[in-house]
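**Student:**
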Amino acid sequence: MELLDWIVLSATLSFIVIYGAYKTRKNKSVQDYIKGGNDTKWWTIGLSVMATQASAITFLSTPGQAFHSGMGFVQFYFGLPIAMVIICLVFIPIYHRLKVYTAYEYLEGRFDLKTRTLAAILFLVQRGLAAGITIFAPAIILSAVLGWDLVSLNIIIGVLVIIYTVSGGTKAVNVTQKQQMFIIFFGMFVAFFMIIDKLPQDISFSKALDIAGASGKMKVLDFSFDLSNRYTVWTGFLGGTFLMLSYFGTDQSQVQRYLSGKSVRESQLGLLFNGLLKVPMQFFILLVGVMVFVFYQFNAAPLNFNPKANEAVLNSEYATEYKALENQYKQIESDKKALVLDGVQLEDKKQIKELERQSIVIKEQAKTIISKADASVETNDKDYVFIHFILNNLPRGLIGLLLAVILSAAMSSTASELNALASTTAIDLYKRNVKGEKSDEHYVKMSKWFTLGWGILAILVASVANLFDNLIQLVNIIGSIFYGNVLGIFLLAFFFKIVNGKAVFKAAIITQILIFSIYYFGIYQLESSGQEPIISYLWLNFVGCILVIYFSLLFLIKSINKQSKFLMLLSTLAILKTSYDILNDVSLNIYHVLTLIILFIMIGYFNYEKKSLS
Numbered sequence: 023m024e025l026l027d028w029i030v031l032s033a034t035l036s037f038i039v040i041y042g043a044y045k046t047r048k049n050k051s052v053q054d055y056i057k058g059g060n061d062t063k064w065w066t067i068g069l070s071v072m073a074t075q076a077s078a079i080t081f082l083s084t085p086g087q088a089f090h091s092g093m094g095f096v097q098f099y100f101g102l103p104i105a106m107v108i109i110c111l112v113f114i115p116i117y118h119r120l121k122v123y124t125a126y127e128y129l130e131g132r133f134d135l136k137t138r139t140l141a142a143i144l145f146l147v148q149r150g151l152a153a154g155i156t157i158f159a160p161a162i163i164l165s166a167v168l169g170w171d172l173v174s175l176n177i178i179i180g181v182l183v184i185i186y187t188v189s190g191g192t193k194a195v196n197v198t199q200k201q202q203m204f205i206i207f208f209g210m211f212v213a214f215f216m217i218i219d220k221l222p223q224d225i226s227f228s229k230a231l232d233i234a235g236a237s238g239k240m241k242v243l244d245f246s247f248d249l250s251n252r253y254t255v256w257t258g259f260l261g262g263t264f265l266m267l268s269y270f271g272t273d274q275s276q277v278q279r280y281l282s283g284k285s286v287r288e289s290q291l292g293l294l295f296n297g298l299l300k301v302p303m304q305f306f307i308l309l310v311g312v313m314v315f316v317f318y319q320f321n322a323a324p325l326n327f328n329p330k331a332n333e334a335v336l337n338s339e340y341a342t343e344y345k346a347l348e349n350q351y352k353q354i355e356s357d358k359k360a361l362v363l364d365g366v367q368l369e370d371k372k373q374i375k376e377l378e379r380q381s382i383v384i385k386e387q388a389k390t391i392i393s394k395a396d397a398s399v400e401t402n403d404k405d406y407v408f409i410h411f412i413l414n415n416l417p418r419g420l421i422g423l424l425l426a427v428i429l430s431a432a433m434s435s436t437a438s439e440l441n442a443l444a445s446t447t448a449i450d451l452y453k454r455n456v457k458g459e460k461s462d463e464h465y466v467k468m469s470k471w472f473t474l475g476w477g478i479l480a481i482l483v484a485s486v487a488n489l490f491d492n493l494i495q496l497v498n499i500i501g502s503i504f505y506g507n508v509l510g511i512f513l514l515a516f517f518f519k520i521v522n523g524k525a526v527f528k529a530a531i532i533t534q535i536l537i538f539s540i541y542y543f544g545i546y547q548l549e550s551s552g553q554e555p556i557i558s559y560l561w562l563n564f565v566g567c568i569l570v571i572y573f574s575l576l577f578l579i580k581s582i583n584k585q586s587k588f589l590m591l592l593s594t595l596a597i598l599k600t601s602y603d604i605l606n607d608v609s610l611n612i613y614h615v616l617t618l619i620i621l622f623i624m625i626g627y628f629n630y631e632k633k634s635l636s
């Protein structure tokens with residue numbers, strides 16, 4: 023990095039921190055600190071919600087995901103608009119009417135204290151881990167590529183976020199996220215047009231899309247009914263809807279963003295704005311990754327984008343073997359370049375796909391050699407693709423801007439998480455259990471201390487974290503393990519008037535144990551041994567939601583009406599049939615899912631009353 027890059031990077035981050043701390047320096051009440059004074063406009067809410075979700079992982083991992091696997095990942099977000107509409111119609115009016123500070127505060131009034139506490143703890147566990155990952159994501163990449171000390175980077179990112187989050191609370195997060203989203207959008211658009219500009223002169227954007235399509239990178243939609251496949255239309259619409267309902271409807275890091283709204287309408291408009299813009303934004307980020315792929319069809323690319331991996335293997339006894347693979351890879355890339363240089367002809371597509379398959383095989387062989395050379399080095403290079411392109415192909419000054427984009431995204435997401443973690447700890451655990459009356463100033467002070475504490479914990483988690491298959495997948499897996507259970511609790515609270523706190527608490531405990539077991543034995547162990555998982559991790563959201571509702575009703579079977587008893591019998595048979603099919607290598611399919619959804623909607627209908635919502 024040159025001096026100009028350092029100036030751009032430092033100036034951008036310093037402005038965000040100083041501006042956020044200055045604008046919110048006068049927050050003294052709990053209302054101001056946790057709910058932002060309830061004066062936030064819809065566009066600020068929308069941008070804040072987007073910034074909370076769009077962490078550095080989004081801008082590092084997503085282009086790398088597209089580079090390796092194509093555009094199919096966008097299907098993951100197809101359930102988002104549906105979830106936004108449901109949350110606007112059901113969740114937001116209830117939260118605003120009851121004037122809650124956290125989503126979990128509502129559960130005590132509907133059920134009891136232990137259910138509220140359980141939901142809050144589940145949130146704190148999974149979001150506390152995620153906060154560390156959002157710091158770790160940019161730190162590990164920048165450390166590997168730039169040679170910076172990893173622990174120092176974790177501390178720098180964490181401290182910058184802590185400064186303005188502790189100072190201004192929710193309002194500081196909302197205010198700074200507007201600036202961060204502007205920087206992020208501007209930087210990504212600049213990067214996209216720079217990639218197009220750096221393609222050969224006779225390669226237009228349409229030709230670039232043809233080249234990407236010939237290599238299988240432009241397949242957006244997969245209508246297959248195999249729900250063990252992570253990214254299909256059905257996984258996105260059904261599994262994704264449950265995940266997004268959980269994340270935006272019950273996760274305090276998101277709920278806190280729209281609880282700061284000036285009115286119900288402002289909060290609703292903010293979420294709808296996010297729902298309309300998020301899918302196109304993810305599509306665009308994936309498209310950036312695909313264009314990076316096209317760029318490297320005409321320019322030299324490393325066999326593995328992780329510089330530490332290349333260094334480790336080239337300094338080992340396996341260097342000769344690795345260099346031989348590099349030569350094979352270069353030859354394949356040269357053959358592909360010759361085919362696509364004049365545009366892709368119909369007769370060339372089969373040959374291009376075969377060459378792409380060969381290149382993937384060589385990359386996997388290279389990973390095996392790297393592991394032999396140094397088992398501690400990360401062989402997965404998806405998260406390094408985009409940063410490699412930035413550092414090696416963009417002009418000075420712009421490198422600093424794109425690094426500012428990555429760090430801004432990390433800061434925005436981490437700030438929301440620390441803010442929500444502190445609020446939940448202060449309101450749902452500390453305030454609810456502390457003895458005696460305390461002043462507003464006391465709770466603001468404690469919220470700041472909790473923010474600092476969670477910030478330090480996030481830095482510690484970041485310092486001991488390791489790369490997964492892909493960082494964006496790791497965050498989604500952690501969420502999927504917990505979110506379905508929590509969503510089920512809230513749906514029971516909204517629509518199943520007969521369910522009481524005792525039943526839902528027991529059901530939630532049992533469900534969480536089962537979800538852990540399904541993930542560990544049915545997904546993690548199978549994937550670790552090279553086998554197909556019984557279901558995609560995304561479906562844990564649906565399974566967790568269904569199970570907590572099922573067990574809650576089962577504990578109250580004697581109290582429910584005749585129609586519901588009959589439907590519970592059918593639900594039991596459907597769950598048993600689904601489990602039997604999955605255990606006998608029959609993948610979870612659309613018919614299993616729709617059957618269970620319809621049955622539980624009918625049970626909810628027979629037990630629904632307006633008063634169950636309050």
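Per the working numbering, the sequence shown runs over residues 23 to 636.
Ideal placement from N, C-alpha and C gives every residue a C-beta, glycine not left out.
What you are looking at is a predicted structure, and each value in this text was computed from that prediction instead of being measured.
Please classify G154: does DSSP put it in a helix, a strand, or coil?
**Tutor:** helix
**Student:** Output the distance between the C-alpha atoms of Q290 and Y344, rounded to the nearest integer angstrom.
**Tutor:** Q290 and Y344: Cα-Cα distance of roughly 55 angstroms.
**Student:** Straight-line CA distance for S91 to I374?
**Tutor:** 15 angstroms
**Student:** Pull up the distance between the alpha-carbon of T617 and that of F543, whole angstroms please.
**Tutor:** 25 angstroms
**Student:** What ranges does the alpha helix (DSSP H) occupy inside the region 226–294, keeping only unbroken runs of at least 4 residues that lie completely in it?
**Tutor:** 227–236, 262–272 and 274–281
**Student:** Quick check: what's the CA-CA separation for M433 versus K587?
**Tutor:** 50 angstroms
**Student:** Pair every Cβ in the region 226–244 with every Cβ in the region 298–316, then say whether three or more of these pairs are closer than 8 angstroms.
**Tutor:** Because the criterion of three Cβ pairs below 8 angstroms is met, the region 226–244 and the region 298–316 touch.
**Student:** I'd like to know if the region 324–335 and the region 273–290 are in contact, where contact means that at least 3 CB-CB pairs between them fall below 8 angstroms.
**Tutor:** Flag = no, the region 324–335 and the region 273–290 do not touch.
**Student:** Distance, Cα to Cα, F317 vs M468?
**Tutor:** When rounded, the distance between both Cα atoms is 51 angstroms.
**Student:** DSSP three-state call for T401: helix, strand or coil?
**Tutor:** coil
**Student:** For L308 and G131, what's the separation of their Cα atoms in angstroms?
**Tutor:** 43 angstroms
**Student:** List the whole-angstrom C-beta distance separating I179 from I157, where the pair is believed to meet the contact cut-off of C-beta under 8 angstroms.
**Tutor:** With a Cβ gap of about 5 angstroms, I179 and I157 count as contacting.
**Student:** Say whether the region 30–39 touches the region 254–267, bearing in mind that this needs 3 or more beta-carbon pairs closer than 8 angstroms, one atom from each stretch.
**Tutor:** no
**Student:** Can you check which of these residues, L595, K121 and T80, is closest to M303 by C-alpha distance?
**Tutor:** T80
**Student:** F270 and A444: beta carbons closer than 8 angstroms?
**Tutor:** no
**Student:** Of all the options S574, L536 and L496, which has the alpha carbon lying nearest to the alpha carbon of L560?
**Tutor:** L496
**Student:** F472 and T137 - do their beta-carbons sit closer together than 8 angstroms?
**Tutor:** For the 8 angstroms CB-CB criterion, T137 and F472 do not form a contact.
**Student:** So, for P222: in the same chain, excluding its five sequence neighbours on each side, which residues have a beta-carbon less than 6 angstroms away from its beta-carbon?
**Tutor:** F320
**Student:** Please classify T124: does DSSP put it in a helix, a strand, or coil?
**Tutor:** coil
**Student:** Got a sec, what are the start and stop residues for the alpha helix (DSSP H) Q387 sits in?
**Tutor:** K371 to A395
**Student:** How about G458: is its Cβ closer than 7 angstroms to a heavy atom in the ligand ZN?
**Tutor:** Questions concerning the ligand ZN fall outside what the structure shown contains, since it holds no ligand whatsoever.
**Student:** If we require 4 or more residues per run, which alpha helix (DSSP H) segments fall completely within the region 439–525?
**Tutor:** 462–486 and 493–517
**Student:** Compare the Cα-Cα distances from A161 to each of R279, I184 and L425 and report the closest residue.
**Tutor:** L425
**Student:** Given K460, which residues of its chain have a CB within under 8 angstroms of its CB, disregarding the five upstream and five downstream residues?
**Tutor:** K453.
**Student:** Rounded to whole angstroms, what's the CA-CA distance from R149 to F411? Just pull it up for me.
**Tutor:** 31 angstroms
**Student:** When DSSP builds the beta bridges, which residues end up paired with T198?
**Tutor:** BP columns for T198 are empty, so no partner.
**Student:** Considering only their Cβ atoms, is the gap separating A331 from V399 smaller than 8 angstroms?
**Tutor:** yes
**Student:** Does the pairing of the region 569–578 with the region 549–557 give three or more beta-carbon distances under 8 angstroms?
**Tutor:** Between the region 569–578 and the region 549–557 there are fewer than three inter-stretch CB-CB distances shorter than 8 angstroms, so the stretches are not counted as touching.
**Student:** Contact between the region 382–402 and the region 343–362 is defined here as three or more beta-carbon pairs at a separation below 8 angstroms; is this criterion met?
**Tutor:** Short answer: they touch.
**Student:** One question on the structure: do L267 and I109 come within less than 8 angstroms of each other, judged by their Cβ atoms?
**Tutor:** yes
**Student:** Whose C-beta lies closer than 7 angstroms to the C-beta of L182 among residues of the same chain, with five residues either side of it excluded?
**Tutor:** L35, V39 and M433
**Student:** Tell me which residues share the same chain as A88 and place their Cβ nearer than 6 angstroms to its Cβ, disregarding the 5 neighbours each side in the sequence.
**Tutor:** L308, G311 and V312
**Student:** Let me make sure I understand the geometry here. Which of G510, V486, G523 and S338 has the alpha-carbon closest to that of I155?
**Tutor:** Nearest in C-alpha terms to I155, of all of G510, V486, G523 and S338, is V486.
**Student:** Can the beta-carbon of Y572 be found less than 8 angstroms from the beta-carbon of I537?
**Tutor:** no
**Student:** Roughly how many angstroms lie between the CA atoms of R379 and V362, to the nearest whole one?
**Tutor:** 16 angstroms
**Student:** For the alpha helix (DSSP H) containing K63, name the first residue and the last one.
**Tutor:** Per DSSP, K63 belongs to no alpha helix (DSSP H) and is neither H nor E.
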